[in-house]
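Student:
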């Protein structure tokens with residue numbers, strides 16, 4: 001992508017409304033724009049990152065056997081009356097009347113609707129286990145949305161829902177998602193710690209939040225430091241291996257970790273002092289097992305091997321992509337801007353033409369841009385008339401992993417400079433060598 | 441994907457509520473489910489097709505230089521008061537009050553919001569041309585939604601918006617989208633005819649609808665038959681070539697074509713009788729040039745080369761993916777089910793194990809499934825206990841282009857059968873040969 005043809009509205013000033021660094025950087029880098037209180041547009045740079053985050057979530061959900069569908073945003077109130085949550089949900093639920101005066105709502109979550117889909121089609125235990133997920137907009141009418149897309153009213157959520165005949169099977173489904181989440185956050189460049197959690201309005205009795213540590217986190221968290229060294233389950237993990245997944249779950253829940261709501265001071269104090277971790281964290285995922293809480297009132301039953309009807313055991317599993325993007329930034333930035341992990345970087349590299357209009361600089365940059373693009377790399381080419389200093393600042397701000405810098409002096413020697421955004425390390429090499437290295 | 445682990449709720453009976461063939465087939469093939477009047481879930485098979493349609497639309501938008509972003513579904517009423525459309529839009533606009541009693545709406549289209557984004561960041565003609573698009577849910581509260589996702593209330597739309605300094609530049613932007621649309625529909629396996637159109641609530645004075653012919657179409661259309669032989673612009677079309685794009689536009693608008701609203705009986709009758717086409721059609725895209733209709737009242741101005749401020753000239757360009765899916769089915773089906781064009785087929789092929797549990801059949805099917813999957817093909821493997829007849833019927837219904845049939849007799853000879861869904865042609869060959877042919 002040539003920057004001269006792109007839409008990257010960089011802000012020079014620090015926006016006053018941004019209280020936390022991710023919000024500030026997302027506004028400054030032209031990633032998002034607030035349209036109404038707690039409602040954001042994702043501008044092109046932000047949309048690219050969001051797509052990459054969604055892509056990784058999707059791959060790991062599919063790997064764990066979950067199946068993607070797409071439920072609508074608007075739901076009828078009737079469904080929620082069946083589960084008893086229509087009245088219970090409170091003012092965060094955006095209630096709507098359509099032109100025929102039917103009560104509707106903008107879905108804050110989808111337990112009811114997916115249970116309705118399930119009961120309409122699935123009648124036998126032979127079709128279980130089943131896990132259905134979608135990545136879809138939700139709306140929660142928070143009284144005080146803040147921190148940009150970290151806590152917005154309209155937001156994207158990946159929500160998966162598992163259906164099993166028994167509690168035991170459901171725990172296996174739960175463990176699949178537990179493992180998928182560990183892998184997902186690791187691939188996004190973050191180490192998330194699973195913590196026993198309160199179940200809130202979703203209900204149930206077995207639940208974990210995944211928390212990443214960040215000074216700006218909303219939650220106070222307490223854990224053992226051992227998590228830092230735990231191995232992330234491998235790509236070829238066998239998700240059908242009941243015992244194997246249970247072993248992973250047991251390992252990751254063997255040491256103390258809790259948010260303040262679930263904190264047990266005595267248990268925490270039993271950890272040797274040097275091993276205690278007390279910090280602030282950001283919730284980036286939440287998984288629930290809630291048994292027959294919805295299947296019972298809504299009549300989602302299957303015939304079991306005994307010939308009788310049984311309400312299915314369910315779980316739900318949420319990740320918020322529009323919250324993950326700022327969470328990644330909270331965990332990975334410096335005073336000059338964002339430092340994207342390669343897996344979610346909006347571009348693989350940026351080619352910086354220090355003197356656009358200079359014949360040699362233009363030729364070298366064109367060659368780099370073409371060679372990298374043709375090799376399937378996603379390259380931003382800063383071909384604008386801006387001063388070199390502005391270009392460097394923009395490249396640092398938007399946090400692309402590698403900068404390829406072509407100035408008149410180095411180009412005259414047939415060389416360019418590579419700069420690693422994260423380490424700041426610079427290397428001068430021939431154009432050839434740079435292409436080979438970046439394609440490599 | 442193993443069918444035993446997939447969620448493909450095939451309906452045996454013809455659903456009574458479906459008036460047109462695409463609606464009937466989408467319900468029967470387990471592609472969609474109505475959740476409320478005119479509001480649908482896209483079940484896994486439908487979601488896969490929808491993703492492929494979106495992928496093609498996206499590629500052609502990007503090729504034409506449009507840049508993707510993502511605007512939210514909910515908008516503030518204030519924006520629409522600025523343009524004057526808040527009162528004018530009528531009851532199809534779903535009006536909402538949030539918990540703070542602020543008037544909001546579920547966007548039926550995004551001219552106002554994108555104009556607001558534009559005016560917030562772009563100040564100079566040097567940043568033009570600009571074309572921003574998103575693929576996002578819309579809501580139009582139709583009094584009588586029908587025909588499944590062909591005319592639903594919550595639907596997906598790709599809407600692009602172009603910004604130019606002058607009318608002349610805007611016409612070039614219009615022509616880019618005109619060409620992108622011709623390519624998009626062709627890649628979706630359809631021939632769409634552009635027709636001069638009424639501008640309706642979007643406004644403006646230069647507009648084309650893209651119509652595909654289908655007996656169930658809502659619109660009556662009149663055109664010259666010449667369209668059938670026009671060449672689709674090539675992949676390497678130069679979108680910066682102003683004259684070249686104008687030539688393509690001129691060619692495609694050189695012969696008579698109009699919907700009933702714009703029909704000119706005399707002009708139509710001037711076509712030799714054998715060359716006249718009078719039929720029903722489905723609108724699958726609509727493009728508009730509307731000048732300064734929104735930029736003027738909303739103050740979206742840029743500084744021109746003359747140093748003065750000019751309101752920008754705009755256009756908008758819509759395609760409805762959730763409508764395209766049934767449109768493709770209307771154009772491509774037979775009495776047994778859907779016949780997907782390869783470009784949007786949910787799977788490339790389906791491996792049919794005629795006797796699951798038979799050692800040889802299982803081994804051959806596993807081998808086919810693994811070999812094709814490893815080669816990057818998207819394969820459905822019908823490994824269920826269903827009778828062979830049921831499996832054939834399902835494969836025909838869901839319309840996957842190639843069926844790979846493995847029964848005990850052929851497998852004993854080391855052979856399988858390939859069936860082409862479209863032509864019905866069958867071919868017996870060795871497993872090896874089949875793999876090579878399908879990977880090739």
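Protein chains in written order, with this note's numbering: chain A, 1 to 440; chain B, 441 to 880.
Glycine included, every Cβ here is placed at the ideal spot set by N, Cα and C.
Could you please tell me which residues of the segment 465 to 481 of chain B, in chain order, have their CB closer than 9 Å to any CB of chain A?
Tutor: Those would be 470, 473, 475, 476, 477, 479, 480 and 481, in chain order.
Student: Helix, strand or coil for residue 920 of chain B? Go by DSSP, reduced to three states.
Tutor: Summary: the structure shown does not reach residue 920 of chain B, with chain B confined to residues 441 through 880, and so no result is reported for it.
Student: Would you give the residue range spanned by the alpha helix (DSSP H) that residue 63 of chain A belongs to?
Tutor: It spans 44 to 63 - the alpha helix (DSSP H) in which residue 63 of chain A sits, taken as one unbroken run.
Student: Is residue 739 of chain B helix, strand or coil by DSSP?
Tutor: It is coil, neither helix nor strand.
Student: Nearest to residue 528 of chain B by CA position, among B:771, B:511, B:548 and B:540, is which residue?
Tutor: Nearest of B:771, B:511, B:548 and B:540 to residue 528 of chain B, Cα basis: B:548.
Student: Could you check the C-alpha separation between residue 229 of chain A and residue 99 of chain A for me, to the nearest Å?
Tutor: Their backbone Cα atoms lie some 57 Å apart in a straight line.
Student: By Cβ distance below 7 Å, which residues in the same chain neighbour residue 787 of chain B in space, the five residues on each side in sequence not counted?
Tutor: Once the five neighbours on either side are set aside, the close Cβ partners of residue 787 of chain B are 818, 819, 820 and 840.
Student: What did DSSP end up calling residue 876 of chain B once you bin it into helix, strand or coil?
Tutor: If DSSP states are grouped into helix, strand and coil, residue 876 of chain B belongs with the helices.
Student: Which two residues bound the contiguous beta strand (DSSP E) that contains residue 860 of chain B?
Tutor: Here the beta strand (DSSP E) through residue 860 of chain B covers 855 to 860.
Student: Mind listing the chain A neighbours of residue 541 of chain B? Cutoff is C-beta to C-beta under 7 Å, in chain order.
Tutor: By Cβ distance, chain A contributes nothing, its closest Cβ being about 11 Å from residue 541 of chain B, past 7 Å.
Student: Is the shortest distance between the beta-carbon of residue 71 of chain A and the beta-carbons of chain B less than 8 Å?
Tutor: With 8 Å as the cut-off, residue 71 of chain A counts as an interface residue toward chain B.
Student: Does the Cβ of residue 563 of chain B have 16 or more other Cβ atoms within 10 Å, making it buried, or fewer, making it exposed?
Tutor: Exposed, by the Cβ-count rule.
Student: On the DSSP bridge assignment, give the partners of residue 68 of chain A in chain order.
Tutor: A:133.
Student: So the beta strand (DSSP E) residue 206 of chain A belongs to, where does it begin and stop?
Tutor: Segment 206 to 213, the beta strand (DSSP E) holding residue 206 of chain A.
Student: Between which two residues does the alpha helix (DSSP H) containing residue 719 of chain B stretch?
Tutor: Looking at the DSSP string, residue 719 of chain B is not in any alpha helix (DSSP H); the run it does join, the beta strand (DSSP E), is 716 to 731.
Student: Write down the C-beta distance between residue 125 of chain A and residue 160 of chain A rounded to the nearest angstrom, noting that I regard them as a contact closer than 8 Å.
Tutor: Wrong, their Cβ atoms sit about 20 Å apart, outside the cutoff.
Student: Would you say residue 367 of chain A lies against chain B (beta-carbon separation less than 8 Å)?
Tutor: Not an interface residue.
Student: Can we say the segment 182 to 190 of chain A touches the segment 255 to 265 of chain A, given the rule of at least three CB pairs closer than 8 Å?
Tutor: No: the two stretches stay apart, fewer than three of their Cβ pairs being nearer than 8 Å.
Student: Going along the chain, which residues of the segment 443 to 465 of chain B sit with their C-beta nearer than 7 Å to a C-beta in chain A?
Tutor: Going along the segment 443 to 465 of chain B in chain order, one finds 445, 446, 447 and 449 with a Cβ nearer than 7 Å to chain A.
Student: Run down chain A in chain order and give the residues with a C-beta less than 9 Å from the C-beta of residue 515 of chain B.
Tutor: In chain order: 35, 36 and 39.
Student: For the alpha helix (DSSP H) containing residue 834 of chain B, name the first residue and the last one.
Tutor: It spans 828 to 838 - the alpha helix (DSSP H) in which residue 834 of chain B sits, taken as one unbroken run.
Student: Just the chain A side, please: which residues come within less than 8 Å of residue 483 of chain B by C-beta, in chain order?
Tutor: Residues of chain A passing the Cβ test: 69 and 117.
Student: CA-CA distance, residue 791 of chain B and residue 780 of chain B?
Tutor: Distance between the alpha carbons of residue 791 of chain B and residue 780 of chain B is about 17 Å.
Student: Helix, strand or coil for residue 754 of chain B, going by three-state DSSP, please let me know.
Tutor: Residue 754 of chain B falls in the strand class under three-state DSSP.
Student: Just checking, does the segment 349 to 364 of chain A make contact with the segment 30 to 39 of chain A on the three C-beta pairs under 8 Å criterion?
Tutor: At 8 Å Cβ cutoff, the stretches do not touch.
Student: Are three or more beta carbon pairs between the segment 140 to 147 of chain A and the segment 162 to 169 of chain A nearer than 8 Å?
Tutor: Verdict: no, contact absent.
Student: Counting only beta-carbon atoms, is residue 91 of chain A nearer than 8 Å to chain B?
Tutor: Output row for residue 91 of chain A: interface = yes.
Student: From residue 111 of chain A to residue 294 of chain A, what does the alpha carbon distance come to, in whole angstroms?
Tutor: So the alpha carbons of these two residues sit roughly 7 Å apart.
Student: Determine the closest residue to residue 660 of chain B out of B:651, B:530 and B:667, with distance taken between C-alpha atoms.
Tutor: Ranking the options by Cα distance to residue 660 of chain B, first place goes to B:651.
Student: Can you pull the chain A residues whose beta carbon is under 8 Å from the beta carbon of residue 581 of chain B, in chain order?
Tutor: Here the neighbours are 98 and 99.
Student: Using only alpha-carbon positions, find the residue among B:682, B:777, B:816 and B:873 that is nearest to residue 864 of chain B.
Tutor: Comparing Cα-Cα distances from residue 864 of chain B to each of B:682, B:777, B:816 and B:873, the minimum goes to B:777.
Student: Indicate whether at least one CB of chain A lies closer than 8 Å to the CB of residue 744 of chain B.
Tutor: No, its Cβ sits nowhere closer than 8 Å to a Cβ of chain A.
Student: Could you check where the beta strand (DSSP E) with residue 36 of chain A kicks off and where it finishes?
Tutor: Unbroken beta strand (DSSP E) run through residue 36 of chain A: 32 to 36.
Student: Between which two residues does the beta strand (DSSP E) harbouring residue 195 of chain A extend?
Tutor: It spans 193 to 196 - the beta strand (DSSP E) in which residue 195 of chain A sits, taken as one unbroken run.
Student: So, do the segment 239 to 247 of chain A and the segment 295 to 310 of chain A have three or more beta carbon pairs nearer to each other than 8 Å?
Tutor: No: fewer than three Cβ pairs fall under 8 Å.
Student: So residue 113 of chain A contacts chain B; which residues on that side make the cut at Cβ distance below 8 Å?
Tutor: Result: 475 and 481.
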